[in-house]
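Down below is the structure, laid out as structure tokens.
Protein chains: 2
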Amino acid sequence: MKSIYNFSAGPAILPAAVIQQAQEEMRDWRGAGMSVMEMSHRSKAFIAMAQQAEADIRDLMAIPDHYRVLFLQGGASTQFAAVPLNLFNATKNQADYYLTGAWSKKAIAEAKRYGQIHVVADTSAQKFTTLPAPGSVKVSPDAAYVHYTPNETIQGVEFHTIPDTGDVPLVADMSSNILSRPIDVSQFGIIYAGAQKNIGPAGLTLVIIRDDLIGKAAENVPAMLNYATHVKAGSMYNTPPTYAWYIAGLVFQWLKAQGGLPKMAEINQRKAAALYAAIDQSDFYHNPVEPTYRSWMNVPFTLTDDTLDAPFLQQASDHGLETLKGHRSIGGMRASIYNAMPEAGVQALIEFMSEFERTHG
Amino acid sequence: MKSIYNFSAGPAILPAAVIQQAQEEMRDWRGAGMSVMEMSHRSKAFIAMAQQAEADIRDLMAIPDHYRVLFLQGGASTQFAAVPLNLFNATKNQADYYLTGAWSKKAIAEAKRYGQIHVVADTSAQKFTTLPAPGSVKVSPDAAYVHYTPNETIQGVEFHTIPDTGDVPLVADMSSNILSRPIDVSQFGIIYAGAQKNIGPAGLTLVIIRDDLIGKAAENVPAMLNYATHVKAGSMYNTPPTYAWYIAGLVFQWLKAQGGLPKMAEINQRKAAALYAAIDQSDFYHNPVEPTYRSWMNVPFTLTDDTLDAPFLQQASDHGLETLKGHRSIGGMRASIYNAMPEAGVQALIEFMSEFERTHG
Chain A
1 MKSIYNFSAG
11 PAILPAAVIQ
21 QAQEEMRDWR
31 GAGMSVMEMS
41 HRSKAFIAMA
51 QQAEADIRDL
61 MAIPDHYRVL
71 FLQGGASTQF
81 AAVPLNLFNA
91 TKNQADYYLT
101 GAWSKKAIAE
111 AKRYGQIHVV
121 ADTSAQKFTT
131 LPAPGSVKVS
141 PDAAYVHYTP
151 NETIQGVEFH
161 TIPDTGDVPL
171 VADMSSNILS
181 RPIDVSQFGI
191 IYAGAQKNIG
201 PAGLTLVIIR
211 DDLIGKAAEN
221 VPAMLNYATH
231 VKAGSMYNTP
241 PTYAWYIAGL
251 VFQWLKAQGG
261 LPKMAEINQR
271 KAAALYAAID
281 QSDFYHNPVE
291 PTYRSWMNVP
301 FTLTDDTLDA
311 PFLQQASDHG
321 LETLKGHRSI
331 GGMRASIYNA
341 MPEAGVQALI
351 EFMSEFERTH
361 G
Chain B
1001 MKSIYNFSAG
1011 PAILPAAVIQ
1021 QAQEEMRDWR
1031 GAGMSVMEMS
1041 HRSKAFIAMA
1051 QQAEADIRDL
1061 MAIPDHYRVL
1071 FLQGGASTQF
1081 AAVPLNLFNA
1091 TKNQADYYLT
1101 GAWSKKAIAE
1111 AKRYGQIHVV
1121 ADTSAQKFTT
1131 LPAPGSVKVS
1141 PDAAYVHYTP
1151 NETIQGVEFH
1161 TIPDTGDVPL
1171 VADMSSNILS
1181 RPIDVSQFGI
1191 IYAGAQKNIG
1201 PAGLTLVIIR
1211 DDLIGKAAEN
1221 VPAMLNYATH
1231 VKAGSMYNTP
1241 PTYAWYIAGL
1251 VFQWLKAQGG
1261 LPKMAEINQR
1271 KAAALYAAID
1281 QSDFYHNPVE
1291 PTYRSWMNVP
1301 FTLTDDTLDA
1311 PFLQQASDHG
1321 LETLKGHRSI
1331 GGMRASIYNA
1341 MPEAGVQALI
1351 EFMSEFERTH
1361 G
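Chains as they are written, first to last, in the numbering used here: chain A, 1 to 361; chain B, 1001 to 1361.
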């Protein structure tokens, strides 16, 4: 078997131990004589596993008791609609949005279908290479909520502090940095995240929602987009994505075994610091993001001579460093270094970059 | 490893060869050095696999060129909303629905949020044990579409002919009998199906839609519920449920290797006939459905003495016959005998039923 490091932005690398356990259990899940994929979601064994996964993520993130955790389908793109559809009502259909990259832009475009959107922070003029300074953004008086994207997967900018929105609920698309460090969940109204970066396989979406924000959707909101539906049914209103839920549960157990989120934060910060240092100390590579706001998860970089992009990618792949091509909207390279990327993977990338620069610089 | 037969209604049994291949490929998908679960959906290898899966189901179902095939999330329950949200408009927001069991009832409840629903056939008075006779149901003059549920998973009733709705598009929730026999796709406007019965793992939803029904949704319909979004993006507007798509592709290849849908129909009819015959020739077991409309896929049955239900289920499990408990709304037993259930599994059930009757009758 080829030994590789996978820097894909999502679907992304999963812990090797998780993939190995999934392989071992594939045909006979814990003595059931069948794959977990074939098991009824109403069976006692599946429900016990599902509840353990919820307990584990509650534990990992220290989620307070007055928050529900939902295991849904549809990705963050579905949540772009669900958030306004659940939080807007006849008397209040305005919200504040931060525009800080490609994903917050998509969230805004979708939310505009349902109400009035105030863009209260906008870094598009800086090509999304910076973020608003902490405390610099005012909340609109009539905002039903404030939405932001703590980490922009494509541009590689990340908020390292949580905006203070007072009594107005803060909603975060945490798809690309959930579980990467401890956060204070009590500062949020809703956190949502597609699973395919730091949680598990594509096709699962996690929603963490404060109790008082549930049950406010209008009658004409689709049942499947109404948080109340899923809260009432324990995420089993219809058949959930059972296999993805199972894999997410294995990832949560792996995270606990690593030492939880404080330990992951330490490792993630170290990985990112090493990679940014390698980029910064070279004139051959370049990352355009203001250092204070650089992402720990997604590190885009360009080669000063972009005619070397293709040979870089080819030789990287020859060295087992895969999926380094940058997003088509940005070009260049991008190294996504989520929780499951070992430090050895980042070191291998740094060494290859140094060697490539020596031979092509 | 325990050898069992899994009669779950969904998530359900998958072909043993598919699970085995998934296990073998789990850590190193076709030489990629990673699991398919970890692979970017934008990678050439994944796209080639995804396109092959579409080509295979087109081939299996003989889907005409003027139909699109979508690989989505959210289950049939999401389609209950998507269908009216896409087919209703400002001048026409009425539709006809058949009410023939628990799932069509849910589809109706959801559709009522968006327009006027005419229930044009209703077998609730017969406790959903029969179906309207072919040709007996009239289409309303202003119907945007006619919706029906070809197979009711809970009640075990199945249409063995397709209703004629003239020029009005026919929409079918085919979740529990898709791929079980050849059908004439050209008689439908939209076919949708949750994957977790006859296609693959939970978390994938197949939609087959005629070209002229795409692009009609209003501006305020969520992008993720708008068929046009997914058609335009080849089901990759956002990250699709990649692993479920891969498993579905393996199932399609398995079906082709078995001889395709004509062969599956032959086997499915034989399995169902054998099980119904065993039930009918006994006073100990009972199936309430009018014989003409009995399902090939889901066979509910009761024991005349329901105090024997618990011992029946326990001893069945001891014999490796799993997940036979009936739906909580019906009670008794239910044997779901989808494509992946081998004839030997149905024979084992029949033999156990006979033995149980002999010892308890």
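Even for Gly, the Cβ is constructed at its ideal location relative to N, Cα and C.
Is residue i helix, strand or coil when you go by DSSP?
i, result
"B:Lys1325", "strand"
"A:His118", "strand"
"B:Phe1252", "helix"
"A:Asn298", "strand"
"B:Met1333", "strand"
"A:Ile4", "coil"
"A:Thr91", "coil"
"A:Ile57", "helix"
"A:Ile19", "helix"
"B:Val1231", "helix"
"B:His1147", "strand"
"A:Asp283", "coil"
If we count the other Cβ atoms within 10 Å of its Cβ and call it buried at 16 or more, is residue i buried or exposed?
i, result
"B:Asp1096", "buried"
"B:Asp1059", "exposed"
"A:His41", "buried"
"A:Gln20", "exposed"
"B:Gly1166", "exposed"
"B:Pro1222", "buried"
"B:Ala1244", "buried"
"B:Arg1334", "buried"
"B:Lys1325", "buried"
"A:His360", "exposed"
"A:Gln155", "buried"
"B:Asn1226", "buried"
"A:Asn220", "exposed"
"A:Asp56", "buried"
"B:Gln1196", "buried"
"A:Thr78", "buried"
"B:Thr1323", "buried"
Work out the CA separation of residue j and residue i for me, nearest whole Å.
i, j, result
"A:Ala348", "A:Lys271", "11 Å"
"B:Ala1017", "B:Leu1255", "11 Å"
"A:Arg328", "A:Tyr67", "37 Å"
"B:Glu1152", "B:Met1026", "34 Å"
"A:Arg358", "A:Trp296", "26 Å"
"A:Lys105", "A:Gly31", "47 Å"
"B:Glu1110", "B:Ala1102", "13 Å"
"B:His1160", "B:Phe1128", "16 Å"
"B:Leu1131", "B:Phe1080", "21 Å"
"A:Glu158", "A:Asp184", "16 Å"
"A:Glu38", "B:Ile1013", "5 Å"
"B:Ala1050", "B:Asn1198", "18 Å"
"A:Tyr148", "A:Ala257", "31 Å"
Name the residue from the options whose alpha carbon lies nearest to the alpha carbon of residue i.
i, options, result
"A:Leu204", "A:Gly249, A:Ser35, A:Ile330, A:Tyr145", "A:Gly249"
"A:Met174", "A:Ile4, A:Val185, A:Ala193, A:Val289", "A:Ala193"
"B:Leu1171", "B:Thr1359, B:Asn1086, B:Glu1025, B:Gln1051", "One detail in the question is off: residue 1171 of chain B reads as Val in this sequence, not Leu. When only C-alpha atoms are compared, the closest one is B:Asn1086."
"B:Pro1150", "B:Tyr1293, B:Phe1071, B:Gln1023", "B:Tyr1293"
"B:Gly1115", "B:Met1034, B:Lys1138, B:Ala1144", "B:Ala1144"
"B:Gly1135", "B:Lys1127, B:Ile1162, B:His1147", "B:Ile1162"
"A:Pro201", "A:Gly10, A:Lys2, A:Ile4, A:Pro84", "A:Gly10"
"B:Gln1094", "B:Glu1355, B:Pro1064, B:Gln1051, B:Ser1140", "B:Ser1140"
"B:Gly1332", "B:Phe1352, B:Glu1351, B:Pro1311, B:Asn1339", "B:Pro1311"
"A:Asn268", "A:Tyr276, A:Met236, A:Tyr338, A:Leu213", "A:Tyr338"
"B:Ala1121", "B:Ala1273, B:Leu1099, B:Pro1240", "B:Leu1099"
"B:Asn1189", "B:Asn1198, B:Ser1008, B:Leu1213, B:Ala1195", "Checking the displayed sequence, the identity of residue 1189 of chain B turns out to be Gly instead of Asn. Closest option to B:Gly1189, Cα to Cα, is B:Leu1213."
"A:Ala90", "A:Gly74, A:Asp142, A:Ile57", "A:Asp142"
"B:Lys1002", "B:Leu1308, B:Val1036, B:Ser1317, B:Asn1287", "B:Ser1317"
Between residue i and the ligand MN, is there a pair consisting of the residue's CB and a ligand heavy atom that are separated by less than 7 Å?
i, result
"A:Ala48", "Of ligands this structure carries none, so the ligand MN is not represented either."
- Query: Between the region 31 to 46 of chain A and chain B, which residues of the former have CB atoms less than 8 Å from a CB of the latter, in chain order?
  - Reply: Gly31, Ala32, Gly33, Met34, Ser35, Met37, Glu38, Met39, Ser40, His41, Ser43
- Check each residue of the region 1109 to 1137 of chain B: if its Cβ is closer than 9 Å to any Cβ of chain A, include it; give the result in chain order. Ala1109, Glu1110, Arg1113, Tyr1114
- Item | Positions along the region 288 to 306 of chain A whose CB lies within less than 9 Å of some CB in chain B | none
- the region 1210 to 1228 of chain B: which residues have C-beta closer than 9 Å to a C-beta of chain A, in chain order? Glu1219, Asn1220, Val1221, Pro1222, Ala1223, Met1224, Leu1225
- Task: Note down, in chain order, all residues in the region 265 to 288 of chain A with a beta-carbon under 8 Å from any beta-carbon belonging to chain B.
- Result: none
- Query: Got a sec: which bits of the region 348 to 361 of chain A sit with their beta carbon under 9 Å from any beta carbon on chain B, in order along the chain?
  - Reply: none
- Task: Check distances from the C-beta atoms of the region 232 to 245 of chain A to those of chain B and list, in chain order, the residues that come in under 8 Å.
- Result: Tyr237, Asn238, Thr239, Pro240, Pro241, Thr242, Tyr243, Ala244
- Message: At a CB distance below 8 Å, what residues from the region 49 to 78 of chain A approach chain B? Give them in sequence order.
- Response: Gln73, Gly74, Gly75, Ala76, Ser77, Thr78
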